[in-house]
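With UniProt numbering applied, the sequence shown closes on residue 369, and no number is skipped along the way.
Where is the CB? At the ideal position from N, CA and C, for every residue including glycine.
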Amino acid sequence: MNDQILPKLRELLLNEFSEPELIALCKEIGLDYEALPGTGAFGKTREILAAARAQDKLRMLQNRLRELKPEAYAISIGAAVTPAEAQADSPAHSERGTKAGSPAPRTILPLLMLLALVIGASLIFPTLSGNPASQAAPQAVPEVTSTSRPQPTLAASAPTVQPETIAAMATPADSPSATADGFQTAPAEMPETDSSTMATSTALPTPEPTALPTPEPTPTPLPSPTATDALSAEEAHPAAMTIRQINDQLLLFYSGKASAEDLEYFWTSKALKTVVDFGNIRLPRAMRIAPNRRDALEIKHEYLRAPRIISETESSAVVASREFWHYANSLNRNEVCEVRDYIYDMVRDEERYRVRSIQSRLVRSGCES
1 MNDQILPKLR ELLLNEFSEP ELIALCKEIG LDYEALPGTG AFGKTREILA AARAQDKLRM
61 LQNRLRELKP EAYAISIGAA VTPAEAQADS PAHSERGTKA GSPAPRTILP LLMLLALVIG
121 ASLIFPTLSG NPASQAAPQA VPEVTSTSRP QPTLAASAPT VQPETIAAMA TPADSPSATA
181 DGFQTAPAEM PETDSSTMAT STALPTPEPT ALPTPEPTPT PLPSPTATDA LSAEEAHPAA
241 MTIRQINDQL LLFYSGKASA EDLEYFWTSK ALKTVVDFGN IRLPRAMRIA PNRRDALEIK
301 HEYLRAPRII SETESSAVVA SREFWHYANS LNRNEVCEVR DYIYDMVRDE ERYRVRSIQS
361 RLVRSGCES
């Protein structure tokens, strides 16, 4: 199993499973939760993955996580390996494939021997007959050599087609875009013409000197646009601008400078509980800090893809963004860095938008030094 999936499995265990659920999960895959080193869910989840990897039970653990938390598993990790793919990767399947392809050399060898006999006969019999006519017209050799040569496959002979050049293939052969995108067109057949006529037609006329155009006056520079003017229509939508206000408010809440009541203006009850639990429980636990010492956290936030609206109705809107979050504990220098894709499902409440659900997908983690 690829090591890149281990951080995602740990995140799923840490965020979606309580301690009783972790104990039951370990029992199902044959691990003793109490015997594992580490304290708390943060330490236990790390040891669960280490023990499952050492005992070759990661596949069993992954399948069980997919059964228990299918929606969270699909968001964090994606579709698991299907049974057909697992069977295709098994040693037994590979051995059967090798045995099935083994008769090919036994079929080619008799054909090569037959070809050698036919060529030898064609060389011997014209010499023994002594008839000049028979020597002038040798017998045609049956075309059996084609069976001894591997035929080129479509994958080897077909050119690689890029997605952006598919539209160019549908244009006529003389379209400029078809040649520009890497597809050479067949040369058109030119009618035969007299050489003197062609020489006359291809001669280029001598260009006559022309007067230089009068330079146009330099336009007056316009004032620099504001930050809102630089945004696209999808990014300047009221719902997308609300996400910017929400994240500015979350920076204050995660560092203990704002309360949960302050968040109610932009969050409905279900989504509000998710954010409050993260700020009061999961974030302090990950940063190894007491909830009442969140003022020691140093948090940085940056948009790698600005919030933009992707769908809208009269009463709702959906906004997507890619965000970088950096959390650092000034007391023990512990830090966590994440890049995530977020989907905000928002409902319109009079003249404002409020978040009713939020989904996130981990793109990468780890802080660069």
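- Membership of residue 300 in the beta strand (DSSP E) is indicated by the continuous run 297-312.
- Residue 46 and residue 320 have their C-alpha atoms spaced approximately 31 angstroms apart.
- In the same chain as residue 298, and ignoring 5 residues on each side of it, the C-beta atoms closer than 7 angstroms to its own belong to 328 and 330, in chain order.
- Non-local beta-carbon contacts of residue 357 in its own chain, meaning distances under 6 angstroms to residues more than five positions away in sequence, involve 271 and 345 in chain order.
- In the DSSP secondary-structure assignment, residue 344 is bridged to 319 and 358.
- Between residue 8 and the set 244, 232 and 62, the nearest pair of CA atoms involves 62.
- Boundaries of the alpha helix (DSSP H) around residue 63: 58-68.
- Closest option to residue 309, judged by alpha-carbon separation, among 64, 236, 75 and 32: 236.
- With 16 or more other CB atoms across the displayed protein chains lying within 10 angstroms of its CB, residue 275 is buried.
- Ranking 334, 352, 348 and 326 by CA distance to the CA of residue 364 puts 326 first.
- Assignment of beta-bridge partners to residue 335 by DSSP yields 328.
- Per DSSP, residue 236 lies in no alpha helix (DSSP H) segment and is marked neither H nor E.
- In the three-state reduction of the DSSP assignment, residue 32 falls in the coil class, being assigned neither a helical nor a strand state.
- In the displayed model, residue 365 falls within a strand according to three-state DSSP.
- Cα atoms of residue 355 and residue 26: separation of roughly 36 angstroms, rounded to the nearest angstrom.
- Taken through DSSP and simplified to helix, strand or coil, residue 282 comes out as helix.
- Leaving aside the five residues that flank residue 242 on each side, the residues in its chain whose CB is nearer than 6 angstroms to its CB run, in chain order, 353.
- The residue from 283, 312 and 367 with its alpha-carbon nearest to that of residue 339 is 367.
- With 16 or more neighbouring CB atoms inside 10 Å of its own CB, residue 76 falls in the buried class.
- Within a 10 Å sphere around the beta-carbon of residue 113 sit fewer than 16 other beta-carbons, which makes this residue exposed.
- Counting other Cβ atoms within 10 Å of its Cβ, residue 44 reaches 16 or more and is therefore classed as buried.
- For residue 254, the three-state secondary structure derived from DSSP is helix.
- Residue 353 has 348 as its beta-bridge partners, per DSSP.
- The beta carbon of residue 16 is closer than 7 angstroms to those of 69 and 72 in its chain, skipping five residues each way along the sequence.
- Per DSSP, the continuous alpha helix (DSSP H) segment holding residue 42 begins and ends at 40-54.
- By the Cβ-count criterion, residue 30 is exposed, with fewer than 16 other Cβ atoms from all chains shown falling within 10 Å of its own Cβ.
- Residue 52 has its alpha-carbon roughly 29 angstroms from the corresponding atom of residue 341.
- Contact annotation: the stretch 288-308 touches the stretch 255-263, with at least three C-beta pairs closer than 8 angstroms.
- By the neighbour-count criterion, in which a residue is buried when 16 or more other Cβ atoms sit within 10 angstroms of its Cβ, residue 240 is buried.
- Around the beta carbon of residue 65, 16 or more other beta carbons sit within 10 angstroms, so the residue counts as buried.
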